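The structure under discussion appears below in the form of structure tokens.
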Amino acid sequence: MKTPKSIHELMAQYAPQEVHYYSDSTTGLKALIVIHSTALGPATGGTRFYPYQSWEAALEDALQLAQAMSYKCAVAELPFGGGKGVILGDPKRDKTPQLLRAYARIVQQFNGRFTTGEEMGISPEDIKVMMDETKFIAGAKGITPDIAPVTAQGVFYGLKACFQTVFGNSSLHGRTIAVQGAGKVGYHLIKLLAAEGAKLFVSDIDRRALDKVHSEFGVKIVEPPEAIYALECDAFAPCAIGGIINDTTLPLLNCKIVAGSANNQLKEPRHGDRLHEFGILYAPDYVINAGGLIAAVQDLLGGSLAKALQETEKIYGRLLKIFEIARRERIAPHRVADRMAEERLRKH
Ligand code: NAD
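The numbering used here applies: residue 93 is where the sequence shown begins, and numbers increase by one.
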């Protein structure tokens with residue numbers, strides 16, 4: 093078993109600006125709010141409700157996620173910094189309206205220096221409950237009932253940038269694309285790709301999700317789900333879980349491009365270097381999947397869905413630039429993206 097890192101090691105690794113700890117015996121709320129950086133603007137990041145084994149595990153998750161938000165905002169050129177909330181507990185057992193309201197009152201106290209929204213374990217219904225206590229929450233103004241279609245739109249533009257870079261043509265017509273996960277984002281991505289005339293192969297562990305995309309778009313189903321890694325295709329689009337580019341899957345891959353919505357696709361940064369060595373183009377996850385964040389930020393700023401979609405289209409040019417630098421400097425694209433984010437954060 094991995095030895096948990098000490099608080100000292102965690103703080104040295106992630107260098108957060110602020111860490112706030114909350115424990116409320118009346119509602120049973122146990123929470124952390126981490127502000128990684130406000131260099132580019134007020135911190136933003138969803139709130140995750142998860143049965144962490146310990147405060148240390150919750151802290152490490154919050155620190156990692158808050159830092160990722162800082163990088164994501166910086167590369168997407170958004171006037172926001174990275175933050176994250178985590179609530180410790182089993183959402184199925186411990187989530188009550190009283191607890192959510194207590195948490196929302198804490199968010200309100202930040203007075204906009206930390207804004208939050210949906211994440212694992214927090215549903216749109218929970219957001220509605222929290223809105224009774226705070227306006228500093230994405231979804232409060234409601235430019236879209238669901239951000240997943242905007243994320244999918246960004247991944248679609250990102251895939252086009254990948255095809256342009258690898259094949260010199262951004263058209264997806266007739267291209268073979270393997271999509272892992274037909275959930276909220278995967279479904280909308282499959283819809284866009286089918287309309288463009290791509291040949292689609294889809295895996296999921298949920299039979300109903302597969303039946304839906306098969307009947308609506310005629311996609312081919314990949315069974316068993318793990319067979320998707322070795323499938324011969326032009327692009328592999330991970331839209332399910334993290335860590336899927338790892339020592340086991342890397343030697344199996346039979347594609348030219350890895351580009352999808354899943355967070356933390358690389359098990360470790362070195363796996364991105366291996367993709368690069370294998371000649372597989374990787375679209376850094378937090379660059380290609382920023383559409384949902386862009387929509388959430390537009391919501392917070394009182395913008396519109398049209399503006400969010402316009403900003404999301406910029407993912408195409410942003411990725412082309414990253415790929416060009418990676419080619420020139422002979423380094424992997426995820427290294428270029430991290431460097432861009434760190435430079436933007438340092439400049440301010
Ligand atoms: P979701 O839960 O709606 O969909 C995930 C799908 O993946 C489900 O259908 C699930 O059954 C399937 N799945 C789980 N394990 C699988 C496996 N081993 N093989 C194949 N399929 C599997 O989630 P979502 O909102 O569509 O998000 C998908 C990914 O994109 C996640 O990693 C999420 O963090 C990331 N992401 C989502 C958004 C958004 O706007 N929803 C934004 C940025 C990033």
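Don't be surprised by glycine CBs; every beta carbon is placed ideally from N, CA and C.
Keep in mind it's a predicted model, so treat the numbers as computed, not measured.
Discussion item. Taking 6 Å as the limit between beta carbons, can you name the residues of its chain near Ile99, skipping five residues before and five after?
Written reply: By one-based count along the sequence shown, residue 99 stands at place 7. Excluding residues within five positions, none has a Cβ falling inside 6 Å.
Practice prompt. Take Pro361 and list the residues in its own chain whose beta-carbon comes closer than 7 Å to its own, dropping the five residues that flank it on each side.
Written response: One-based indexing of the sequence shown puts residue 361 at position 269. Contacts found: His426.
Practice prompt. Leaving out five residues on either side along the sequence, give the residues of the same chain with a beta carbon under 6 Å from the beta carbon of Ala433.
Written response: The residue you call residue 433 lines up with position 341 of the sequence shown. So the list reads Tyr163, Ala166 and Val167, once near-sequence residues are dropped.
Fill in: the segment 288-305 contacting the segment 338-351, beta-carbon criterion three pairs below 8 Å
no
Worksheet item: What's the gap between the Cα of Gln256 and the Cα of Ala327?
Response: Here the question's residue 256 lines up with position 164 in the sequence shown. Here the question's residue 327 lines up with position 235 in the sequence shown. Between Gln256 and Ala327, the C-alpha separation is close to 12 Å.
Worksheet item: Any idea if Gly177 is buried or exposed, counting beta-carbon neighbours within 10 angstroms, 16 or more meaning buried?
Response: Residue mapping note: residue 177 aligns to position 85 of the sequence shown, counting from 1. When all chains shown are included, Gly177 counts as buried.
Worksheet item: Along the chain, which unbroken stretches of the alpha helix (DSSP H) at least 4 residues long are found entirely within the segment 136-186?
Response: 147-167 and 183-186
Worksheet item: What is the rounded straight-line gap between the Cα of Met212 and the Cα of Gly120?
Response: Indexing the sequence shown from 1 puts residue 212 at position 120. Indexing the sequence shown from 1 puts residue 120 at position 28. Whole-angstrom Cα-Cα distance: 19 Å.
Item to complete: Classify Asp218 as helix, strand or coil using the three-state DSSP reduction.
Response: The residue you call residue 218 lines up with position 126 of the sequence shown. DSSP places Asp218 in helix when its eight states are reduced to three.
Discussion item. Taking only three categories from DSSP, how would you classify Gln272?
Written reply: For the purposes of this step, residue 272 is taken as residue 180 along the sequence shown, with counting starting at 1. The answer is strand: DSSP assigns Gln272 an E or B state.
Worksheet item: To the nearest whole angstrom, what separates the beta carbons of Val389 and Leu170, a pair I think is in contact under 8 Å?
Response: Translated into positions along the sequence shown, residue 389 becomes position 297. Translated into positions along the sequence shown, residue 170 becomes position 78. Between Leu170 and Val389 the Cβ distance is about 5 Å, and since that is below 8 Å, they are a contact.
Item to complete: Starting from the C-beta of Gly266, find all residues in its chain whose C-beta is less than 8 Å away, skip the five residues before and the five after it, and write them out in chain order.
Response: The sequence position of residue 266 within the sequence shown is 174, counting from 1. These residues qualify, in order along the chain: Gly289, Ala290 and Lys291.
Worksheet item: Which residues in the same chain as Asn261 place their Cβ atom closer than 7 Å to its Cβ, once the five residues preceding and following it in sequence are excluded?
Response: Here the question's residue 261 lines up with position 169 in the sequence shown. For Asn261, where only same-chain residues beyond five positions count, the Cβ hits under 7 Å are Phe255.
Discussion item. Quick check: the Cα distance between Gly278 and Glu308, rounded to an integer number of angstroms?
Written reply: Here residue 278 refers to the residue found at position 186 when the sequence shown is read from its first residue. Here residue 308 refers to the residue found at position 216 when the sequence shown is read from its first residue. Distance between the alpha carbons of Gly278 and Glu308 is about 13 Å.
Worksheet entry | Cα-Cα separation, Glu369 to Pro330 | Residue numbering aside, residue 369 sits at position 277 when the sequence shown is read from its first letter. Residue numbering aside, residue 330 sits at position 238 when the sequence shown is read from its first letter. Each residue's alpha carbon lies about 20 Å from the other.
Practice prompt. Look at the Cβ atom of Ser353, then the Cβ atom of Ile380, and state whether they are nearer than 9 Å.
Written response: For the purposes of this step, residue 353 is taken as residue 261 along the sequence shown, with counting starting at 1. For the purposes of this step, residue 380 is taken as residue 288 along the sequence shown, with counting starting at 1. Yes; because the gap between Cβ atoms is below 9 Å, this pair is in contact.
Practice prompt. Hey, could you find the ends of the alpha helix (DSSP H) Tyr114 is sitting in?
Written response: Taking the sequence shown and counting its residues from 1, the one referred to as residue 114 is at position 22. Not the alpha helix (DSSP H): Tyr114 falls in the beta strand (DSSP E), residues Glu110 to Asp116.
Worksheet item: Just to confirm, does Val277 get its C-beta within under 8 Å of one of the non-hydrogen atoms of ligand 1?
Response: Within the sequence shown, the letter at position 185 stands for residue 277. Yes - ligand 1 has a heavy atom lying nearer than 8 Å to the Cβ of Val277.
Worksheet entry | Exposed unless 16 or more other CB atoms sit within 10 angstroms - verdict on Tyr113 | Walking along the sequence shown from the start, residue 113 turns up at place 21. Exposed.
Discussion item. I need the DSSP call for Pro316, collapsed to helix, strand or coil.
Written reply: Residue mapping note: residue 316 aligns to position 224 of the sequence shown, counting from 1. It is coil, neither helix nor strand.
Practice prompt. Taking Ala387 as the reference, give the member of Leu401, Arg366 and Asp377 with the closest Cα.
Written response: Walking along the sequence shown from the start, residue 387 turns up at place 295. When only C-alpha atoms are compared, the closest one is Leu401.
Discussion item. Using DSSP's beta-bridge definition, name the partner residues of Lys122.
Written reply: Along the sequence shown, read from residue 1 onward, the residue named residue 122 stands at position 30. Paired residues: Ser115.
Discussion item. Under 8 Å: does the beta carbon of Pro317 sit that close to some heavy atom of ligand 1?
Written reply: Sequence index remark: in the sequence shown, residue 317 carries index 225 (1-based). Yes - ligand 1 has a heavy atom lying nearer than 8 Å to the Cβ of Pro317.
Worksheet item: Near Ala418, what residues of its chain come up, given a Cβ to Cβ distance below 8 Å and the 5 sequence neighbours on each side ignored?
Response: Mapped onto the sequence shown, residue 418 falls at position 326. Only His368, Ala424, Pro425, Arg427 and Val428 meet the Cβ criterion.
Item to complete: Kindly indicate which three-state DSSP category Leu358 falls into: helix, strand or coil?
Response: Along the sequence shown, read from residue 1 onward, the residue named residue 358 stands at position 266. Reduced to three states, the DSSP call for Leu358 is strand.
Worksheet item: Quick one: does the C-beta of Asn338 sit closer than 8 Å to a heavy atom of ligand 1?
Response: In the sequence shown, counting from the first residue as 1, residue 338 sits at position 246. No, the beta carbon of Asn338 sits no closer than 8 Å to any heavy atom of ligand 1.
Worksheet entry | Beta bridge counterpart(s) of Thr208 as assigned by DSSP | For the purposes of this step, residue 208 is identified with residue 116 of the sequence shown, where counting begins at 1. According to DSSP, which records beta bridges pairwise, Thr208 is partnered with Ile229.
Worksheet item: What are the residues that DSSP puts in a beta bridge with Pro330?
Response: Taking the first residue of the sequence shown as position 1, residue 330 is located at position 238. Partner(s): Gln272.
Fill in: Reduced DSSP secondary structure (H/G/I, E/B, other) of Ser263
Here residue 263 refers to the residue found at position 171 when the sequence shown is read from its first residue. Ser263 falls in the coil class under three-state DSSP.
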